[in-house]
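J.: Quick one: this structure, given as structure tokens, is what I'll be asking you about.
Protein chains: 2
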Amino acid sequence: MFAFPTLHDITTAASRIEPWAHRTPIMTSSAIDAMAGNTLFFKCENFQKVGAFKFRGASNAVLSLSDDEAARGVATHSSGNHAQALALAARLRGIPAFIVMPSNAPAIKKAAVAGYGARIVECEPTLEARESTLDAVVGETGAAFVHPYNDPRVITGQATAAKELIEDVPDLDILMTPVGGGGLLSGSALSAFYLSSGTAVIAAEPEGADDAARSFRAGRIIPSENPRTIADGLLTSLGENTFAIIRAHVSDIVTVSDDAIIRAMRLVWERLKIVIEPSAAVPLAAILERKPDTDGKRVGIILSGGNLDLDRLPWQS
Amino acid sequence: MFAFPTLHDITTAASRIEPWAHRTPIMTSSAIDAMAGNTLFFKCENFQKVGAFKFRGASNAVLSLSDDEAARGVATHSSGNHAQALALAARLRGIPAFIVMPSNAPAIKKAAVAGYGARIVECEPTLEARESTLDAVVGETGAAFVHPYNDPRVITGQATAAKELIEDVPDLDILMTPVGGGGLLSGSALSAFYLSSGTAVIAAEPEGADDAARSFRAGRIIPSENPRTIADGLLTSLGENTFAIIRAHVSDIVTVSDDAIIRAMRLVWERLKIVIEPSAAVPLAAILERKPDTDGKRVGIILSGGNLDLDRLPWQS
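Those protein sequence lines, which keep their order, are chains B and Z. For the record, in the first sequence the residue sitting at position 245 is 254 according to the working numbering, with numbers rising by one throughout. For the record, in the second sequence the residue sitting at position 57 is 66 according to the working numbering, with numbers rising by one throughout.
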């Protein structure tokens, strides 16, 4: 049985990653507040190392290893922000990172991971190939597998973003995050539970990848099948560990259309003058669509990241 | 004869606008530092009210007026950031703002100014029509004319951005700004002169609008003629007052191509995850092109603003 990370685990993670991770700022916009009818606090994880909250979990995992374990390196499968985050964390500790990526992953993503000094191991673009390739890498190298979201060290690391937000902005009525695999959501829910019991945690998810919302209502994990959304960081299904925490500590999961996500993303670019990726805009989209009732409330939003292809902005067809 | 604003003028302006203007943050990027071969400190005026440093000068001018003067309102000619800045400053003081704009100004810019409650007075798109229309507005209303850059109250207000940067980052070797009409540059040069005598002030200008660089070398104002550049905030010619300060206190003015400006702008978006307009990228472009020698130096850059059409990014043809 999976034991939920404790408050002590989260505070230990916060101390552990503090020399490596940015304490990201919180931004506000009176113009967006006027549109939303509430008071919003944006936690800017787009300014985090590698441009996403993922660095928190990856660095907590890397720093949790004993020297002997660390010497054999870390391994994961990912073509997204987690791959870059784990690669950078490994480089900072001076240990190898093995990243299994499908052979059809975009060259720009491979280059980013390689740029952090990680070794890329290509596999066929199937789930089976990914898992068997990862098993082979771990078997050969003895590297420690760091799952992108279901690993308790990762969940605990992601929890530190909400911990900082709660410290900087007391008396939040609602805390919102996007949800893909659930690492950020479950970690945020734990931080709110331990540190701000009056804060309700609500997740937002794209309609075209609504497996978390359906799982939440069904009470069991319903895997994501053929998800289609502009929010490409939210395509994965929940993990057993993240889902257990979400069932216990999340109030609701709402869904929004891609059109609403794109509008919210553009609004953040225009008003806050910051670059966020589509996944990061999902909670604001839900608020502007009046999906959860946030009227007159103090709402914290974790802007999950800012990595996207600037040559193909979603409002340009 | 124009008397240069004093240190006391600048500190008074800083206190005066402090309740209205944001003290903007300073950002850094180890990746950009590695490319530039120095240590860069970006003062984020894209996060200023109305998305540009212009709010500093406009609000200082509006707050400098006596109650009697203020009651008659303020007036200017501008279709850019100064128009929005003056409109917002006037609204905050609860006084009228009259903005003369050419009839062919983009609808989006008119809407932004009108959105701040200003009265737009249209004129033919010629210099003569602009000036005669402004004279007529001032004659009828008694409104105080606030020139976009040559007004000493505006210069003094713009000086507060460099003052904050110098306070937050001591021991700058170089301070860089873009130059259009010279309000930001002359104000920054005064702040550096009074508050950080070891800091050299260098301006950067687009090659296609290089009137300031040519004026600087010639020792007299050479007006801008048919300027062509992506940096649409830098099309104007220097004013008599800004030029006098620039001659006295600026070390150099360098020029860069639009291609270099676009590359630098994109680099800031990608690495700092913030939205800046082309004009704001001109100093970094000059550094990356090795125009001024900044090798190993501590360099402050004022990122002048973040207002641009997100439907037409300059790297997309």
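Yeah, the Cβ is synthetic: ideal placement off N, Cα and C, and Gly gets one too. As the structure is a computational prediction, the values presented were derived from the model and not from experiment.
#1: Looking only at C-alpha atoms, which of S88/B, F154/B, L101/B sits nearest to E133/B?
#2: For the alpha helix (DSSP H) containing H258/B, name the first residue and the last one.
#3: Report the option in L244/B, G248/B, S260/B, A198/B whose CA atom is closest to the CA atom of R226/B.
#4: Please compile the residues from chain B whose C-beta is within a distance smaller than 7 Å of the C-beta of E279/Z.
#5: Among T33/B, H258/B, L319/B, whose alpha-carbon lies nearest the alpha-carbon of S206/B?
#6: Which two residues bound the contiguous alpha helix (DSSP H) that contains G217/B?
#7: Just to confirm before moving on: does the CB-CB distance between L199/B and K52/B stay below 9 Å?
#8: Any beta carbon from chain B within less than 9 Å of G126/Z's own beta carbon?
#9: When the Cα atoms are used, what is the spatial distance from L397/Z to G189/Z?
#10: Residues in the same chain with beta-carbon distance under 8 Å from G126/B, minus the five sequence neighbours each way, listed in chain order, please.
#11: Quick one, which of I255/Z, A123/Z, V147/Z, E149/Z has its alpha-carbon nearest I164/Z's?
#12: For T264/B, report the span of its beta strand (DSSP E) as first-last.
#13: Please decide whether R275/Z counts as near chain B, where near means a Cβ-Cβ distance under 9 Å.
#14: With F64/B as the anchor, note down where its alpha helix (DSSP H) starts and where it stops.
#15: Per DSSP, F107/Z is paired with what?
#16: Using alpha carbons as the reference points, say which of V277/B, T135/B, T303/B, I108/B lies closest to G124/B.
#17: Figure out for me which residue from G217/B, T186/B, L181/B has the closest Cα to the Cα of L204/B.
#18: Give me the chain B residues within the contact set of Q93/Z, using Cβ-Cβ distance strictly less than 9 Å, ordered along the chain.
#19: Which stretch, first to last residue, makes up the alpha helix (DSSP H) that contains R162/Z?
#20: Since G314/B and A79/B should fall inside the 8 Å C-beta cutoff, what is the C-beta to C-beta distance between them, to a whole number of angstroms?
#21: Express the C-alpha separation of P292/B and L297/Z in angstroms, rounding to a whole number.
#22: Can you tell me where the beta strand (DSSP E) with I26/Z in it begins and where it stops?
#23: If you measure from the beta carbon of K306/Z to each beta carbon in chain B, is any gap under 9 Å?
#24: Is the separation between the beta-carbon of A92/B and that of T150/B shorter than 9 Å?
#25: Helix, strand or coil, according to DSSP, for T135/Z in the structure here?
#26: Give me the Cα-Cα distance between P179/Z and L276/Z, rounded to the nearest whole angstrom.
#27: Expressed to the nearest angstrom, what Euclidean distance is found between the alpha-carbon atoms of D177/Z and M185/Z?
#28: Ordered along the chain, which non-local residues of its own chain (more than five positions away) have a Cβ less than 6 Å from that of S224/B?
T.: Once the coordinates are examined:
#1: Of S88/B, F154/B, L101/B, the residue nearest in Cα terms is S88/B.
#2: Looking at the DSSP string, the run of the alpha helix (DSSP H) that includes H258/B is 249-258.
#3: Sorting L244/B, G248/B, S260/B, A198/B by C-alpha distance to the C-alpha of R226/B places S260/B at the top.
#4: Identification of chain B residues near E279/Z by a Cβ-Cβ cut-off of 7 Å yields L319, ordered along the chain.
#5: For the options T33/B, H258/B, L319/B, the alpha carbon positioned closest to that of S206/B is the one of H258/B.
#6: Per DSSP, G217/B is not a residue of any alpha helix (DSSP H), being assigned neither H nor E.
#7: No, the Cβ-Cβ distance between L199/B and K52/B is not below 9 Å.
#8: With 9 Å as the cut-off, G126/Z does not count as an interface residue toward chain B.
#9: Summary: the structure shown does not reach residue 397/Z, with chain Z confined to residues 10 through 326, and so no result is reported for it.
#10: Answer for G126/B: A96, A99, R100, A106, listed in chain order.
#11: When each option's Cα is compared against that of I164/Z, the closest is I255/Z.
#12: Counted as a single uninterrupted DSSP element, the beta strand (DSSP E) harbouring T264/B occupies residues 261-265.
#13: Proximity of R275/Z to chain B, defined by a Cβ-Cβ separation below 9 Å, is satisfied.
#14: Unbroken alpha helix (DSSP H) run through F64/B: 63-73.
#15: Residue pairing by DSSP places F107/Z opposite A84/Z, R128/Z in a beta bridge.
#16: Answer by Cα proximity: I108/B.
#17: Taking the Cα of L204/B as reference, the smallest distance to any Cα among G217/B, T186/B, L181/B is reached at L181/B.
#18: Within chain B, no residue comes near Q93/Z; the closest Cβ sits about 13 Å away, beyond 9 Å.
#19: Start and end: 161-177.
#20: So it is not a contact: roughly 26 Å between Cβ atoms.
#21: Here the alpha carbon of L297/Z sits roughly 37 Å from the alpha carbon of P292/B.
#22: Here I26/Z belongs to no beta strand (DSSP E); instead the alpha helix (DSSP H) covers 16-26.
#23: No, because no Cβ of chain B sits closer than 9 Å to the Cβ of K306/Z.
#24: Not a contact, by the Cβ cut-off of 9 Å.
#25: Three-state DSSP puts T135/Z in coil, outside helix and strand.
#26: Using only the alpha carbons, I get a separation of about 25 Å.
#27: Cα-Cα distance, rounded: 16 Å.
#28: Closer than 6 Å at Cβ, skipping near neighbours: I230, I231, L247.
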